[in-house]
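Asks: One structure is given below, represented as structure tokens, and several questions about it will come after.
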Amino acid sequence: MYAATITASLLAAMPLLVKAWDAPTYGDYNLIWQDNFGGNSGDRPNSNNWNIITGKLGYNSELETYTNDKTNLQLSGGYTLQIAPERDSNGDWTSGRIESRYTFVPAEGKRTLIEADIRFGSNSINNKAGIWPAFWMLGDSGRHGTAWPNCGEVDAMEQINGALTGYGTLHCDVVGGKCNDPSGIQGWVSIPDQDWHLWRVVFDRTNGDWTAQTITWYRDGQQFHQVSGGRVGDYNAWAAVCHSSLYFIFNVAVGGSWPEPPNDSTIPGFGSMMEVGFLAVHNSK
Ligand SMILES: *[C@@H]1O[C@H](CO)[C@@H](O)[C@H](O)[C@H]1NC(C)=O
């Protein structure tokens with residue numbers, strides 16, 4: 001009887017502990033799509049929304065092989081997505097990457113706001129050499145034959161080696177072209193700590209003149225990067241990133257051409273993860 005009472009009261013308390021965690025809404029925007037990563041602990045993200053990418057993709061000389069194992073990719077059961085790098089007994093790295101089946105086109109005549117709440121695993125920065133979490137978008141044309149960077153890429157947030165700096169980057173046109181690729185046009189901002197922070201990109205097509213349209217990056221509402229159509233200076237290159245269908249990617253890469261290589265201090269597992277609270281898309285009214 002005593003045990004049954006405890007169980008009943010625990011069950012009653014559970015919904016409070018794992019209350020649905022939705023994206024914030026804004027008075028001057030309509031929420032048009034979100035994934036709040038609800039589901040049971042250990043489940044994979046909703047396959048209606050996401051493709052789970054597996055294998056060694058070979059980009060940027062990265063070390064990881066992507067798997068769909070829950071040690072690399074899972075829902076927490078508390079309305080979050082967790083992506084964690086792992087190292088096997090041979091010293092080889094695995095990790096997780098998902099790409100959205102959902103696509104959106106920044107709305108003509110409006111502002112389209114996309115954002116995700118993200119935190120990092122609690123391992124010390126000294127134990128994160130080589131770890132490279134990212135929240136980013138690619139032009140859907142890249143899934144249908146258009147080469148990179150011509151397909152367009154908008155990186156909302158990237159972080160390397162656990163350092164408390166977030167990078168936002170635009171890639172377009174051709175290597176050596178309008179977006180300074182392969183480096184891209186980049187801005188950065190400090191991150192106060194490894195806890196939850198809100199990463200947002202606003203595509204502003206309210207001006208009919210494409211040269212006055214902008215893509216703007218924010219961390220916790222603080223603007224840290226902006227690129228205008230005029231700065232890109234080529235209509236087709238701008239249209240690929242601001243007038244065309246884009247899809248979302250969340251991944252944690254390991255090593256490669258940008259971060260340091262992982263070293264003997266790098267600790268695999270959820271302490272080096274990227275955790276995502278929600279992903280949302282809004283259009284201005
Ligand atoms: C690994 O790299 C980190 C970050 O640069 C550094 O703090 C740490 O001392 C390095 N550890 C080893 C064993 O090289």
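Following UniProt numbering, the numbering of the sequence shown begins with 1 at its first residue and continues without gaps. Where is the CB? At the ideal position from N, CA and C, for every residue including glycine.
1. Return yes when at least one heavy atom of ligand 1 lies under 7 Å from the C-beta of Ser265, else no.
2. By a C-beta neighbour count over all protein chains shown, 10 Å radius and 16 as the cutoff for buried, is Gln82 buried or exposed?
3. With a threshold of 7 Å, establish whether the CB of Asn161 neighbours any heavy atom of ligand 1.
4. CA-CA distance, Gly271 and Ala212?
5. What is the DSSP secondary structure of Gly55, counted as helix, strand or coil?
6. Quick one: is the Cβ of Asn126 within less than 7 Å of any heavy atom of ligand 1?
7. Starting from the Cα of Gly130, find the closest Cα among Gly269, Met273, Asn263 and give me that residue.
8. For Tyr214, tell me which candidate among Asn30, Gly176, Val227, Tyr29 has the shortest Cα-Cα distance.
9. Short check: CB of Ser100 to CB of Asn49, under 8 Å?
10. Could you give the distance in angstroms between the alpha-carbon of Ser61 and the alpha-carbon of Gly27?
11. Tell me, please, whether the segment 268-282 touches the segment 114-121 by the rule of three or more beta-carbon pairs shorter than 8 Å.
12. What does DSSP give as the partner residues of Ser228 in its beta bridges?
13. Under DSSP, the beta strand (DSSP E) around Trp93 begins and ends at which residues?
Replies: A quick look at the data gives this:
1. Taking 7 Å as the cut-off, the C-beta of Ser265 counts as close to a heavy atom of ligand 1.
2. Residue burial is scored here from C-beta neighbours: Gln82 has at least 16 other C-beta atoms within 10 angstroms and is therefore classed as buried.
3. Yes - ligand 1 has a heavy atom lying nearer than 7 Å to the Cβ of Asn161.
4. The alpha-carbon atoms of Gly271 and Ala212 are separated by roughly 43 Å.
5. In the structure shown, Gly55 falls within a strand segment according to DSSP collapsed to helix, strand and coil.
6. Judged by the Cβ position, Asn126 qualifies as a neighbour of ligand 1 at the 7 Å threshold, a heavy atom of the ligand being closer than this.
7. The option with the nearest alpha carbon to Gly130 is Asn263.
8. Looking at the sequence shown, residue 214 is not Tyr but Thr. Of the listed residues, the one whose Cα sits closest to Thr214 is Val227.
9. Pairing Ser100 with Asn49 gives a Cβ-Cβ distance under 8 Å.
10. When rounded, the distance between both Cα atoms is 44 Å.
11. Yes, the segment 268-282 touches the segment 114-121.
12. Beta-bridge pairing links Ser228 to Thr214.
13. Where Trp93 is concerned, the enclosing beta strand (DSSP E) stretches over 93-95.
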